[in-house]
Ligand code: LLP
């Protein structure tokens, strides 16, 4: 459930009509609902209430500092994959001991930064990485809690670009090699093994791949304990999917996911960490846009809107579906017609939907792309020199711009002309 509902004929974000936000902020604009973000975080927190746990929000899904502060103040930890994300989490007031640092290519500079600032654990993904971290931690005179991300060779049954748990994917250490890797870590100064990490992919709509992966992690926990390692935490990654199309069957909910975790690893007495991103932020955000023109094509009508692939790349990149709805509620039983919904960018890939049935739309009408809160704004670019989309956070009946739309001058003034061209 989210908090984007029609009320008095207008789509609202909580208690605020989107028409009001469009008037003050313009379009395109991302709009987030604080109540939805908090509700989704709490669903995970409750789903793991059977034991010690920390829900570490995957910052990459939606990384605005205001969103991080909202979730951090509610008790969330954070999963970060770069110095930039770490800095955002700290700027939002999240203490280092609630921040997990993941990612396959952490640089020396990034390691130094998080070691100096404080970190809950670093999830290691390769042997060269663990040797480098050991050297840096030793030089800095600290001991850093670590896990190893294992690759369980499980098919996540999701889009190939976001599956990460098969042996052909670049992530983690093959689970068969894990005992040897942990044995080496035990000899390295500056590192202290605290657990195991796994993440098999994103937008999983079936619990079975999670179950398979977690079963392998449970077996590995016992093997590593027998080898003398202290496995006290299990970081089980993110990945639970969301319903993008209202017409589809809904994926499993956090409660069911929490139950699978309990069944597979609950007996081990470990603290559980999870790293959900999409399920917390996805349906907590929409991208609001305005129709520029309706163009009659051959056998189809194009709805040309003022958002484009640079603002929301998921349809172009993954063929992803987003429900698209008018902000002004259509009359009950209003006739529907098919549209190709496209942005102004100069390539045919800039298509949000083909033959999408919608009630008749006119130029100047506001429409909303639903489920755009995760991997929306964070993946935006300035392609075609379109300034980054602003972000707005709604809570109850108030709202605030949490990232302003840059002016054209701000965008252009980042470039510099070398003196030899002057
Ligand atoms: N932990 C790790 C190590 C990850 O790599 C990811 C996502 C997550 C947690 C969060 O997964 P989630 O709960 O959000 O599924 N841009 C793509 C999604 C990429 C996901 C990358 N990793 C999209 O728009 O569908």
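Numbering (UniProt numbering), first residue to last: 1 to 422. From the three backbone atoms N, C-alpha and C, an ideal C-beta is built for every residue, glycine too.
Exercise. So who's on the other strand from residue 295, going by DSSP bridges?
Worked result: Residue mapping note: residue 295 aligns to position 295 of the chain shown, counting from 1. DSSP output for residue 295 lists 302 as bridge partner(s).
For this session: Using DSSP bridges, identify the partner residues of residue 247.
Result: Looking up residue 247 in the chain shown gives position 247. According to DSSP, which records beta bridges pairwise, residue 247 is partnered with nothing at all.
Problem set entry | Distance between beta carbons of residue 121 and residue 94, contact taken as under 8 angstroms | As a first step, residue 94 is located in the chain shown; it is residue number 94 there, counting from the start. As a first step, residue 121 is located in the chain shown; it is residue number 121 there, counting from the start. Not a contact, Cβ separation roughly 14 angstroms.
Exercise. For residue 129, which residues of its own chain have a beta-carbon under 7 angstroms away from its beta-carbon, when the five flanking residues on both sides are left out?
Worked result: Against the chain shown, residue 129 aligns to sequence position 129. Correct list, in chain order: 106.
Problem set entry | residue 125 Cβ short of 6 angstroms to ligand 1 heavy atom set | Here residue 125 is taken as the residue at index 125 of the chain shown, counted from 1. Taking the Cβ of residue 125 as the reference point, every heavy atom of ligand 1 lies at 6 angstroms or farther away.
Problem set entry | With 16 other Cβ atoms within 10 Å as the buried cut-off, status of residue 108 | As a working note, residue 108 is residue 108 in the chain shown. Under this definition residue 108 is an exposed residue.
Problem set entry | Pick from 4, 12, 26 that is closest to residue 391, judged by C-alpha positions | Position 391 of the chain shown holds residue 391. Ranked by how close their Cα comes to the Cα of residue 391, the residues 4, 12, 26 have 26 in first place.
For this session: Could you tell me whether the stretch 375-393 touches the stretch 403-411, using the rule of 3 or more Cβ pairs below 8 angstroms?
Result: Taking 8 angstroms as the limit for Cβ pairs, the verdict is that the stretch 403-411 does touch the stretch 375-393.
Exercise. Alpha carbon to alpha carbon, how far is residue 255 from residue 44?
Worked result: Taking the first residue of the chain shown as 1, we reach residue 255 at position 255. Taking the first residue of the chain shown as 1, we reach residue 44 at position 44. Approximately 7 angstroms between the Cα atoms of the pair.
Problem set entry | Pair within 7 angstroms by beta-carbon distance, residue 31 and residue 21 | Taking the chain shown and counting its residues from 1, the one referred to as residue 31 is at position 31. Taking the chain shown and counting its residues from 1, the one referred to as residue 21 is at position 21. Result yes, Cβ atoms of residue 31 and residue 21 sit closer than 7 angstroms.
Exercise. Do residue 245 and residue 159 come within 7 angstroms of each other at the CB atom, strictly closer than that value?
Worked result: Translated into the one-based positions of the chain shown, residue 159 becomes position 159. Translated into the one-based positions of the chain shown, residue 245 becomes position 245. It is not a contact, given that the beta carbons lie outside the stated cut-off.
Exercise. Can the beta-carbon of residue 75 be found closer than 7 angstroms to that of residue 143?
Worked result: Walking along the chain shown from the start, residue 75 turns up at place 75. Walking along the chain shown from the start, residue 143 turns up at place 143. Between residue 75 and residue 143, the C-beta spacing is not below 7 angstroms.
For this session: Give the DSSP-derived three-state secondary structure of residue 354 in the structure shown.
Result: For the purposes of this step, residue 354 is taken as residue 354 along the chain shown, with counting starting at 1. If DSSP states are grouped into helix, strand and coil, residue 354 belongs with the strands.
For this session: State the CB to CB distance for the pair residue 218 and residue 150, rounded to an integer number of angstroms; the pair is presumed to be in contact (CB under 8 angstroms).
Result: Along the chain shown, one-based indexing puts residue 218 at 218. Along the chain shown, one-based indexing puts residue 150 at 150. Between residue 150 and residue 218 the Cβ distance is about 12 angstroms, and since that is not below 8 angstroms, they are no contact.
Exercise. Alpha carbon to alpha carbon, what distance is there between residue 165 and residue 242?
Worked result: As a first step, residue 242 is located in the chain shown; it is residue number 242 there, counting from the start. As a first step, residue 165 is located in the chain shown; it is residue number 165 there, counting from the start. Those two C-alpha atoms are separated by around 19 angstroms.
Problem set entry | Spatial neighbours of residue 223 in its chain, beta-carbon cut-off 7 angstroms, leaving aside the 5 residues before and after | Taking the chain shown and counting its residues from 1, one reaches residue 223 at position 223. Sequence-distant partners of residue 223 (beyond 5 residues in either direction) whose C-beta falls short of 7 angstroms from its own C-beta, in its chain, are 179.
Exercise. Would you call the stretch 293-307 and the stretch 80-95 touching, i.e. three or more CB-CB distances under 8 angstroms?
Worked result: Segments in contact, no.
Problem set entry | Beta-carbon separation (whole angstroms), residue 280 vs residue 41, contact threshold 8 angstroms | The residue you call residue 280 lines up with position 280 of the chain shown. The residue you call residue 41 lines up with position 41 of the chain shown. The distance from the Cβ of residue 280 to that of residue 41 is about 6 angstroms, consistent with a contact at the 8 angstroms cut-off.
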